[in-house]
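Taking it in order: structure first as structure tokens, then the write-up.
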Amino acid sequence: MPSVLKWARSALRRAPSLPLRFPSTGFEIVPASELLEEEHLEEFSAGAYYPVNIGDVYHSKYQIVGKLGFGSTSTVWLAKSLQEHFYVALKVHILGYTGKEEFEVCKKILQGDSAHPGYHHLRTAREMIVLPHSNGDHHCLVQDPMWDSWRDILRRNPTRRFNLPMLKGGLQQILRALDYLHNEYIKANNILHKIVDKSILDSFVEEECTPHRPGKL
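Mapping of the sequence shown onto numbering that gives the first Met the number 0: residues 0 to 216, in sequence order.
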């Protein structure tokens, strides 16, 4: 019976996806002298960032399909798993910053009590991969993609306030997570919303496949 079940699972498993093709022409080209996003940071001029490009495939399974954000120690990209057909966020760290401590914390969370009410309200990591480069290895944390942080939501809201249902629901989840972690390091920019409707990510990728905004080559 186990062998029959194994055969059935393999028969139903989808074949790996082919990488998507992204436009290389048809959009306004931004001059190399014009600085964008992390290019303003000292770490960029020092060559600390990994040169990620939309369309790149890493470890033969993660294709970069869009940029989600950046910071002083990493850039964050939306990628699609060509083998398992779901989206992930790749947090690509700068040279010399491994992110191993963050990954170890994520592993500890996963190894905890999954029956605890706060367990599923915490973000973890799927794996850590290494991207080799001529200037050295860059460590990359693979996580589930998330929606806006509370800080971003407040900034976009003209009233700079949450509505009551959102605040009550969010605080309940935060308190459950806090009870699980026993950690007080919680602030608005690391409280993220889970993406429930995955079609949002499909729409994001469709936009990236259409030449619609300026970019660098």
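Each residue gets a CB set at the ideal place from its N, CA and C atoms; glycine is no exception.
Measure the CB-CB distance between Ile-108 and Leu-121 and report whether it falls below 7 Å.
yes
Ala-7 to Arg-13 span [Cα, whole Å]
Residue confidence is low: Ala-7 scores 49 on pLDDT, short of 50, so the model does not pin down where it sits. Its coordinate-derived value is still stated next. Inter-residue distance for Ala-7 and Arg-13 is about 12 Å (C-alpha atoms, whole angstroms).
Kindly list the residues whose CB is nearer than 7 Å to the CB of Phe-85, restricted to its own chain and excluding five residues on each side of it in sequence; keep chain order.
none
Cβ of Gly-65 within 7 Å of Cβ of Phe-203?
Contact: yes.
Going by the beta-carbon positions, is the gap between Leu-81 and Gln-62 smaller than 7 Å?
yes
Nearest-angstrom Cα distance between Tyr-57 and Ile-128?
9 Å
Using three-state DSSP, classify Glu-27 as helix, strand or coil.
Correct three-state label for Glu-27: coil.
Roughly how many angstroms separate the alpha carbons of Val-29 and Pro-22, rounded to a whole number?
15 Å
8 Å contact criterion, which Phe-69 and Glu-101 should meet: CB distance rounded:
The pair is not a contact, with the Cβ atoms about 16 Å apart (cut-off 8 Å).
Three-pair Cβ contact test at 8 Å for the region 112–126 versus the region 161–170
no
Terminal residues of the continuous beta strand (DSSP E) containing Leu-34?
Per DSSP, Leu-34 belongs to no beta strand (DSSP E) and is neither H nor E.
Assign Ser-199 to buried or exposed, taking buried as 16 or more other Cβ atoms, counted over all protein chains shown, within 10 Å of its Cβ.
Checking the displayed sequence, the identity of residue 199 turns out to be Ile instead of Ser. The residue is exposed, with fewer than 16 neighbouring Cβ atoms inside 10 Å.
Exposed or buried, what is Leu-140 when buried is set at 16 or more other beta-carbons lying within 10 Å of its beta-carbon?
Under a 10 Å Cβ-count criterion, Leu-140 is classified as buried, with 16 or more other Cβ atoms of the shown protein chains found around its own Cβ.
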